[in-house]
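Take the sequence shown: its letter number 59 is residue 52 in this note's numbering, and every next letter is one higher.
Note that CB positions come from ideal geometry on N, CA and C, so glycine has one too.
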Amino acid sequence: MSEDDSDPTRRVSRRLVLTATASAVGVSLAGCLGGDGGGEETTTTEEATTTTEATTTTEQVSLEEPAEVPEDARCAVCNMMAAKYPEWNAQLTLDVDDGQRAHFCSPGCMTAFYADPGHFVDGTSQEDIVGAWARDYDSKELVDATSANWVLELMADRIDAPMMRNPLAFESADAAQSYVDEYDDLTKHDVVGLATFDVPLGRYFRAKFLPETEEPSVLDAAEVPDDAECAVCQMMPAKFPDANAQLSFEDGERAYFCSPGCMTSYYGVPSHFDEERAQDDIVGVWAHDYGTKEQLDAVQASYVLEMTGEDIDLPMMKNPVPFAKSEDAVAFAEDHDLTEEDVIGLLSFDEELAKKYRMKQFS
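Listed below in structure tokens is the structure:
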């Protein structure tokens, strides 16, 4: 694509906002390599990132407030013209060099910059960020990106946005939930806060502009550490490679489990096992298909209920049995004198079911 056509309730804790004011500054890169993993490439120079140069405008705008996008402001990540995308552009301010303001063509570029400011502006970090603003997907108005509800939309064909793949900002948690409710592959766990965006997650949207990393994102399963204990029963999940499970939280931390029964019990009421955790903090969940033993997306999986150690070979005796395909779950249920009504999704696990599978851990 040409540059003109474009390439492609949760709150995050805001750091103390500095009260200093400064000139509105357009921060741009000397060059870029192109779109994210799903977009077409727009090459302007061979340098992916360089030390940025600030261009001061005449308007005085507080670093705590969004500013009008200058016509000549280039995206601080991909180098496209931010003003050409009035329904998508974003901006961010830094308390460095008497104040800098970075403009972006899209939310994907802004979250990439947020993930690793020092990759784009030498010597900076997230601690230097004063404010950030993105366009609300519904209203198209600039909203506070630090308190917005971000939908991790990975399907570029569902939106018409610069640089193809982009996370979507919603000022209202209800609006974000309404969006994910439209699609079978999205759930409440695809809604996160801005603080969730680290380099691994940012690379889902702008891989070519962020450094490579071996660290998994919150959307990826991690290797189970040999010394990890099950967050429910304290057994060692690594000893059960065909049965263990795990989940990731918005802050990047993980919980590991020896079995699907422990995982679903934790999922039903996280605060019982860790008072600082809530179900809405969960982003990714993984288990193993009982038939294939392959790791699966546990949020999208189907679970056969009422299974005991007499019927299945899983740790901790009583477990719901996960399958990647609903038809496999139904067939398994029918083979064990159960019905389709005994097959449910992960989001149906509540405290009642949690206690049913791991009552000892609740007593």
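_Going by DSSP, what residue range makes up the beta strand (DSSP E) through Leu212?_
Element bounds for Leu212: n/a, residue is neither H nor E.
*Check Phe106 in the structure and name its three-state DSSP category.*
helix
*asked:* By alpha-carbon positions, which one of Ala149, Val89, Asp129, Asp109 ends up nearest to Ala141?
replied: Asp129
*Short check: CB of Leu289 to CB of Ile337, under 8 Å?*
no
_With three or more beta-carbon pairs closer than 8 Å as the criterion, would you say the region 174 to 192 touches the region 74 to 83?_
no
*In angstroms, rounded to a whole number, what distance separates the CA positions of Asp90 and Tyr350?*
57 Å
*Under 8 Å between C-beta atoms of Gly101 and Phe190*: no
_Going by DSSP, what residue range makes up the beta strand (DSSP E) through Ser357?_
The structure shown has nothing for residue 357, since the chain only spans -6 to 356.
*Out of His182, Ala162, His96, Glu57, which has the shortest C-alpha to C-alpha gap to Tyr260?*
His182
*Can you pull the DSSP bridge partners for Asp137?*
Trp126
*Is it buried or exposed for Lys286, if we count other Cβ within 10 angstroms and need 16 for buried?*
exposed
*Three-way DSSP call (helix, strand, coil) for Asp375 in this model*: The shown model of the chain, from -6 to 356, leaves out residue 375, and the question about it has no answer.
*asked:* Looking at Met256: is its Cβ nearer than 8 Å to the Cβ of Ala280?
replied: yes
*Contact the region 231 to 250 vs the region 317 to 332: 3+ CB pairs below 8 Å*: no
*Work out the CA separation of Cys226 and Leu346 for me, nearest whole Å.*
16 Å
*8 Å Cβ shell around Asp274 - same chain, five flanking residues per side excluded*: Phe242, Glu243, Asp244, Pro263
*Keeping to the same chain, check which residues put their C-beta closer than 7 Å to that of Glu146; ignore five residues upstream and five downstream.*
Ile152, Asn159, Pro160, Leu161
*State the start and end residues of the unbroken beta strand (DSSP E) segment that holds Leu194.*
No beta strand (DSSP E) holds Leu194; the alpha helix (DSSP H) holding it covers 192 to 199.
*For Val211 versus Pro230, is the C-beta distance shorter than 8 Å?*
no
*asked:* Using a Cβ-Cβ distance cut-off of 8 Å, determine whether Cys68 contacts chain B.
replied: The structure shown contains no chain B; it is built from a single protein chain.
_Can you tell me whether Lys311 is buried or exposed? The criterion is at least 16 other CB atoms within 10 Å of its CB, across all chains shown._
buried
*Within the same chain, show all residues whose beta-carbon is closer than 8 Å to that of Val314, passing over the 5 residues directly before and after it, in chain order.*
Pro253, Tyr283, Tyr296, Val297, Met300, Ile305, Leu307, Ala322, Phe325
_Gly116 and Leu56 closer than 8 Å at C-beta_ = no
*Enumerate in chain order the residues of its own chain whose CB-to-CB distance from Cys68 is below 7 Å, with the five nearest sequence positions on each side excluded.*
Ala75, His96, Phe97, Cys98, Cys102
*asked:* Are the CB atoms of Val184 and Gln170 within a distance shorter than 8 Å?
replied: yes
_Taking DSSP's pairing of strands, which residues face Val314 in a bridge?_
Val297
*Buried or exposed for Leu194, please, with buried defined as at least 16 other CB atoms from any protein chain shown within 10 angstroms of its CB.*
buried
*What first and last residue would you give for the beta strand (DSSP E) that runs through Gly277?*
275 to 281
*Under a three-way DSSP split, which group does Ala162 fall into?*
strand
*Leaving out five residues on either side along the sequence, give the residues of the same chain with a beta carbon under 6 Å from the beta carbon of Thr14.*
For Thr14, the predicted structure reports a pLDDT of 32, less than 50, and the residue's modelled location is therefore unreliable. A value from the coordinates is still provided. Excluding positions up to five away in sequence, the list reads Ser55.
*DSSP state of Arg358, grouped into three classes?*
Residue 358 lies beyond the range of the chain shown here (-6 to 356); nothing can be said about it.
*Unbroken beta strand (DSSP E) run spanning Phe250, endpoints*: 247 to 250
*Taking Gly261 as part of the alpha helix (DSSP H), name the residues at either end of that continuous run.*
253 to 261
*Using the beta-carbon count (16 or more within 10 Å), is Pro59 buried or exposed?*
buried
*For Tyr107, the nearest candidate out of Glu333, Glu334, Thr139 (CA to CA)*: Thr139
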